[in-house]
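Enquirer:
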Amino acid sequence: PASVTLQPGQRLTISCQVSYSTGSYYTAWIRQPAGKGLEWIGMKHGTGDSYYKESLKNKFSIDAQSSSKTVTLNGQNVQPEDSAVYYCARYDHSDTNKLHGSTKTTNVNKLSALTVQPGQSLTISCQVSYSLDSYATFWIRQAAGKTLEWIGAARTGYTTSYNNMMKNKFSITLQDSSKTVTLNGQNMQHEDSGVYYCARASQ
Numbered sequence: 001p002a003s004v005t006l007q008p009g010q011r012l013t014i015s016c017q018v019s020y021s022t023g024s025y026y027t028a029w030i031r032q033p034a035g036k037g038l039e040w041i042g043m044k045h046g047t048g049d050s051y052y053k054e055s056l057k058n059k060f061s062i063d064a065q066s067s068s069k070t071v072t073l074n075g076q077n078v079q080p081e082d083s084a085v086y087y088c089a090r091y092d093h094s095d096t097n098k099l100h101g102s103t104k105t106t107n108v109n110k111l112s113a114l115t116v117q118p119g120q121s122l123t124i125s126c127q128v129s130y131s132l133d134s135y136a137t138f139w140i141r142q143a144a145g146k147t148l149e150w151i152g153a154a155r156t157g158y159t160t161s162y163n164n165m166m167k168n169k170f171s172i173t174l175q176d177s178s179k180t181v182t183l184n185g186q187n188m189q190h191e192d193s194g195v196y197y198c199a200r201a202s203q
């Protein structure tokens, strides 16, 4: 729905119909309050596995219906501070521990504008304040008029994971000495236009 208006204390229900089998992928819910960064709520697999941000696990739950390919976010006792744009997003990585750690967003950086021509390569660097072996950093993007897309996540000492649909276009490199996480893209096209974010996991 375009918008939902609730009174404080009421329940929230938002459904997201997807094109893929909910038993093959995790579906995550993320929200962005006005003027604030992205906040990961949790994710659910059609087999029943689910993970939630610690501070939100008593407020939200996620249901996945395989037959209707619908993933529903349920919230209870919503308050004014829960006002936000809510997004659902598909995650392709099968390693739940790495995925869970790399999507609990606390710090989000929105990068300045960069223009490339079709067919050219893209390089965006994000300098962070934390040690790259202590936290995972992931890249996401939002094309105009579209929902968030997860690109991938990287952490020193761990295998880098990518959205299966983007793994041949993007790669992520880490420079521990300069605390820099770089997103590299090749053969960029008009449909790759969007706002790109780097984000730190909360653990």
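In UniProt numbering, the protein residues as written are 1 to 203. Where is the CB? At the ideal position from N, CA and C, for every residue including glycine.
Whole angstroms is fine: what's the gap from Asn77's alpha carbon to Thr5's?
Expert: 13 Å
Enquirer: Here's the rule I'm using: 16 or more other beta-carbon atoms within 10 Å means buried, otherwise exposed. How should Met165 be labelled?
Expert: exposed
Enquirer: Roughly how far, in whole angstroms, is the beta-carbon of Gly46 from the beta-carbon of Ala64, given that I think they are within contact range, below 8 Å?
Expert: 5 Å
Enquirer: Could you give the DSSP three-state label for Asp192: helix, strand or coil?
Expert: It is helical.
Enquirer: Measure the Cβ-Cβ separation of residue 204 and Thr123 and say whether it is below 8 Å.
Expert: The question about residue 204 has no answer, for the chain in this structure spans 1 to 203.
Enquirer: Based on the DSSP secondary-structure assignment, which residues constitute the bridge partners of Ala144?
Expert: Looking at the DSSP assignment, Ala144 forms no beta bridge with any residue, so it has no partner.
Enquirer: Taking the beta strand (DSSP E) that Tyr26 belongs to, which residues open and close that run?
Expert: First-last of the beta strand (DSSP E) with Tyr26: 26–32.
Enquirer: Hey, how far is the Cα of Gln117 from the Cα of Gly194?
Expert: Annotation: Gln117 to Gly194 spans about 14 Å, alpha carbon to alpha carbon.
Enquirer: What's the C-alpha gap between Glu191 and Ile140?
Expert: The alpha-carbon atoms of Glu191 and Ile140 are separated by roughly 15 Å.
Enquirer: Over the uninterrupted beta strand (DSSP E) stretch that includes Met43, give me the two end residues.
Expert: 39–45
Enquirer: Can you give me the start and stop residues for the beta strand (DSSP E) that Gln175 sits inside?
Expert: Residues 170–175.
Enquirer: Taking the alpha carbon of Trp29 as the reference point, which residue from Glu54, Phe60, Gly9 has its own alpha carbon closest?
Expert: Phe60
Enquirer: Taking 6 Å as the limit between beta carbons, can you name the residues of its chain near Val108, skipping five residues before and five after?
Expert: Low per-residue confidence applies at Val108: pLDDT is 46, beneath 50, and the placement is therefore not dependable enough to give any value.
Enquirer: Please tell me whether Pro33 and Pro80 are closer than 8 Å, where the distance is taken between their beta carbons.
Expert: no
Enquirer: Between Leu174, Val18, Ala89, Val71, which has its C-alpha nearest Trp40's C-alpha?
Expert: Ala89
Enquirer: Taking a contact to mean a Cβ-Cβ separation below 8 Å, would you say Ser15 touches Thr72 in this structure?
Expert: yes
Enquirer: What is the C-beta distance between Tyr86 and Arg31, in whole angstroms, given that I count them as a contact (C-beta under 8 Å)?
Expert: 5 Å
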